[in-house]
Every structure is written in C-alpha cells, then in structure tokens.
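Q:
There are 2 protein chains.
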Amino acid sequence: MYKLFFQHLNSKVQLTEAEEAHIKTYLTLKKLRKKQFLLQEGDVCKAIAFVEKGALRAYSVDENSNEHIIQFGLEGWTISDLYSFLTGEPATYNIDALEDSELVIISKSAHEELLQTMPKYETFTRLNITGAYLAMQRRLTSIISASVEERYQEFIALYPHIAQRVPQHMIASYMGLTPETLSRIRKRISSK
Amino acid sequence: MYKLFFQHLNSKVQLTEAEEAHIKTYLTLKKLRKKQFLLQEGDVCKAIAFVEKGALRAYSVDENSNEHIIQFGLEGWTISDLYSFLTGEPATYNIDALEDSELVIISKSAHEELLQTMPKYETFTRLNITGAYLAMQRRLTSIISASVEERYQEFIALYPHIAQRVPQHMIASYMGLTPETLSRIRKRISSK
DNA sequence: TAAAAGCATTGATTTGGATCAATGTTCTTT
DNA sequence: AAAGAACATTGATCCAAATCAATGCTTTTA
C-alpha cells in the first residue's frame, strides 16, 4: 500500500522513516472500478489523486457532447482538476477510471497542512507541478508546430505504455482528432 | 528598479525589508532593445527573466522556417526555456524582445541558492509555476475542444492587453493559425 | 453462449483552414 | 520626407481532416 507513492516521493526528496509515517497519516486509499467517476464536472475537486495502480482520464465534454481528453493518469501520475482544487470553483473536467484502479488520495486540508509544515512536501509538490508543466508544454509545442503524423509518432515514442492500454479513439481524443482520422494516419504510417 | 518584481513576490509571500534586500543581492537587471535576443535556440538557457517592462516572445522555428509562438511575456510574467534551464540541454525556443524591455534576471545559481536557503522563495516559485501550468492547461483545453472563432474570442477576453500591443500575425502564430485565417476570422466576427 | 455494446476500419462527401498571389496600408529607418 | 520593410486584407485554389454512413471485429454483460 502506498508503495509507488513513497517510491516517487523518495526519488525526489529523501525521507526518513518517521517522515514517511507522518505523511501516511494524511493519506487515504481509494479503489475505483472501471468506469467509475473520481470527479464529475460541476462538483468541486476536493482531492488530488496519485495513481498507484490502474489508469484514469480527465476530460471535458463540449456542447455536442464530444469528449476531449486533457490528461491520462497511469501509475505514478497525479490526477485532479487542479484549478477547481485550488480555487474551490466547480470542476470543468470529468475524471473516471479506464481500468480498476487504486488511488492515493490527498485531501485539500491534508495538502495544505503538509505544505505548511513539511518543506520536503512543498519541494515534492513543486517538482511535480514543474514536471507536469514541462510535459504539457512539449505537447502544446507539438500541436502548434508539427503535422498530425509527427505528433502521433511522438506520442507513441513518449508514452508507449499508454498507447498499449488505452483504446485508440481515446488517443484520438487526446490529440484533438476524430477516431477515423487517427485510424487513417496509422494506416499511412504502417504502409511505409 | 525591481519594483514590479517585488510587488509580485510580496503579493504571494509577504517579505520583510531584510528579506527583500537579501534577494536583491541575487538579482541583476538587463535591458533589451526591440528585436534583441534573450535566448537563441541551441544555446543553454542560463537564467529566468521576469519582465519588469516591455514585451517578449518565446517561439520555435520549424523546418520550413515558420515561427510558432509558445508564449508571450509582458509585464509581470516570467519567461525562459524552462526545460533547458533545468536540465542544461540546449534550448529549443528562441526568446526575443517585441519592444524595448527591462528584465529582472535570476541566474541558475541564484535560483538554486534561493530555493535552498529561503522557503519563501520556494513557495513563490511553486505558486508561479502552478499559475503557468493552469494558464497553459486552459489554452490546451481550448485548442482541443473549441472552434477557432471561440478560441480567438477567449484570447481577446483573457489577454486584451496582449492583443493591443502585439502584431496580429503573432497572435495567429500563438494560436497555430496563418495570418490570413486570423484576418478572416476577425472579419467574420466583426460582421455580426 | 448469445446478444449487445464498444471499437476500428474503410468509403464518399463536405468543409475549414492552408497556400499562393496580389494590393493597399502602416510602421521604421535613414 | 522618402524609401523600404513589415503588416493586414482579400481573392482563388487546394488539401487535410471532419462528417456521415456502413461493415466487421472484439469485448462485455446478461
């Protein structure tokens, strides 16, 4: 339990046994069956979830009820509607499980207390958000400057494990494409 | 000098006079004339720049020598190639001045020392990167789910000051459009 | 294990934005 | 103030991706 979470934490800020135990008192575990929701649009996001096991997605739904995946969360990633979490505004994203999953839950009050009392937790948080920022910036650069074909190749190279576990039409959604287009892109690539 | 920088800093973490003075010893000021470069692709980004005055842009150049603007930096914003800054890898972005500008420069060693010795500086850094992450996520959501027309309206609503100061073809570049397309979008909007 | 739901592929057609090209306008620079 | 550069607009054409539609395949679930 919490194994992966502390592995990540320790890889960024070295913790003593006591510190680990202390942090543990702030955490809870949550299991989600496939298709269950962690968060629904309109609700306030009250926790950050670290994915110990399984896979989730965060997505928005537009007026034509098309889903647009903004983020996948596999093992080792953190998932939430951060804006809603930080401001208390209603969430604009839905988050649900793509597989049966196990999550380490950090509530808002736990997060705030840890930030204020444990410098190492703040460092961990800073490094995490920095990594997320850099990953998103890479994605954005790719969107505004590369061809769809290149973008798909990049995605596969960067996240082969996602491509293997997630249905293709969700990858299309993540890339801002229709499933048909992605299917044709793949055909074009494989015929080379 | 450094007025806006400390205003920002103080709005996020309240500093004493002594703390301000201490931080000041780590900062330098840099002036840039319009069209001058702060960073060129291929060089290592050795500093973070806070914009006291003026306007800059960060952009990549593709194989057809088209420019793609990844970020604007106006007063109060921080600009750098963060990936290059953190890893020491060559920069993938160019940064240059759109107007005569004044920058508060935080070198890599200054940044690292401040992070390690001043918890408030780490908090400031964390809040800054969180804000940048949220801004970028909003932009990404807009790209994958809204029409070009909606995206332009959002941009204008969110950053009216940028729209006023920056040539239209750069806004097109920031949106991943050609100047011609943006011109036509504007026409369509105004004829309503 | 049969039915249904979810998913990927392929084809035909439409459409939004890119490209190519020309013109007029507004800034810079000398 | 004149010349040149940078910029915005408009038109014609092209093309990549969306849409609409049908089919077969695979995974759930009853």
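Residue numbers (this note's numbering), protein chains in the order written: chain A, 1 to 192; chain B, 1001 to 1192.
Glycine included, every Cβ here is placed at the ideal spot set by N, Cα and C.
(1) Does the segment 77 to 95 of chain A come close enough to the segment 41 to 52 of chain A that 3 or more CB-CB pairs lie under 8 angstroms?
(2) For the segment 124 to 137 of chain A, which residues have a beta carbon sitting closer than 9 angstroms to at least one beta carbon of chain B?
(3) Along the segment 51 to 65 of chain A, where does the CB come closer than 8 angstroms to a CB of chain B? Name the residues.
(4) For A/GLY176, would you say it is in contact with chain B, using Cβ-to-Cβ distances shorter than 9 angstroms as the test?
(5) Pick helix, strand or coil for A/ALA135, following the three-state DSSP scheme.
(6) Could you tell me if A/GLY54 is buried or exposed, where buried requires 16 or more neighbouring beta carbons within 10 angstroms of its beta carbon?
(7) Could you tell me which whole alpha helix (DSSP H) segments of length 4 or greater appear in the segment 93 to 119 of chain A?
(8) Exposed or buried, A/PHE37, counting other C-beta atoms within 10 Å across all chains shown (16 or more means buried)?
(9) Can you give me the C-alpha to C-alpha distance between B/LEU1103 and B/VAL1051, rounded to a whole angstrom?
(10) Which chain B residues sit within Cβ distance under 9 angstroms of A/PRO119?
(11) If contacts are defined as beta-carbon pairs under 8 angstroms, then A/LEU74 and A/HIS8 qualify, I think. What distance do you get, rounded to the angstrom?
(12) Helix, strand or coil: how does DSSP classify B/VAL1061 here?
(13) Report the partner residues of B/GLY1073 according to the DSSP bridge assignment.
(14) Please decide whether A/THR28 counts as near chain B, where near means a Cβ-Cβ distance under 9 angstroms.
(15) Shorter than 9 angstroms from the beta carbon of A/ILE143 to some beta carbon of chain B?
(16) What did DSSP end up calling A/VAL13 once you bin it into helix, strand or coil?
(17) With a cut-off of 9 angstroms, does the C-beta of B/LEU1140 fall near any C-beta of chain A?
(18) Beta-carbon within less than 7 angstroms of A/PHE6's beta-carbon, same chain only, minus the 5 sequence neighbours each way: which residues are those?
(19) If you check the beta carbons only, do A/ILE189 and A/TYR152 fall under 9 angstroms apart?
(20) Any beta-carbon of chain B closer than 9 angstroms to the one on A/ILE70?
(21) Going by alpha carbons, who is nearest to B/SER1191 out of B/GLY1176, B/PRO1167, B/GLU1149 and B/LEU1158?
(22) B/LEU1082 versus chain A: which residues are under 9 angstroms apart at the beta carbon?
(23) Sort A/GLU122, A/SER101 and A/THR117 by Cα distance to A/LEU34 and report the nearest one.
(24) Within 9 angstroms (strictly less), CB to CB, does A/SER173 reach chain B?
(25) Looking at the C-beta of B/LEU1086, does it have a partner C-beta in chain A at a distance below 9 angstroms?
A: Answer, in terms of the structure:
(1) yes
(2) THR125, ARG126, ILE129, THR130, ALA132, TYR133, LEU134, MET136 and GLN137
(3) SER60 and ASP62
(4) Chain B contact via Cβ: present.
(5) helix
(6) With 16 or more other Cβ atoms within 10 Å, it is buried.
(7) Runs of the alpha helix (DSSP H) inside the segment 93 to 119 of chain A: 108 to 117.
(8) exposed
(9) 5 angstroms
(10) Going along chain B in sequence order, the residues near A/PRO119 (Cβ under 9 angstroms) are PRO1119 and GLU1122.
(11) Contact flag wrong, Cβ pair sits at about 13 angstroms.
(12) strand
(13) B/LEU1056
(14) no
(15) yes
(16) coil
(17) Taking 9 angstroms as the threshold, the shortest C-beta distance from B/LEU1140 to chain A falls below it.
(18) GLU20
(19) Contact check for A/ILE189 against A/TYR152 passes: the beta carbons are separated by less than 9 angstroms.
(20) yes
(21) B/GLU1149
(22) At a beta-carbon threshold of 9 angstroms, the residues of chain A lying near B/LEU1082 are THR130, TYR133, LEU134 and GLN137, ordered along the chain.
(23) The residue you asked about is not Leu; residue 34 of chain A is Lys in the sequence shown. Checking every option, the nearest Cα to that of A/LYS34 belongs to A/SER101.
(24) yes
(25) Yes, because at least one Cβ of chain A sits closer than 9 angstroms to the Cβ of B/LEU1086.
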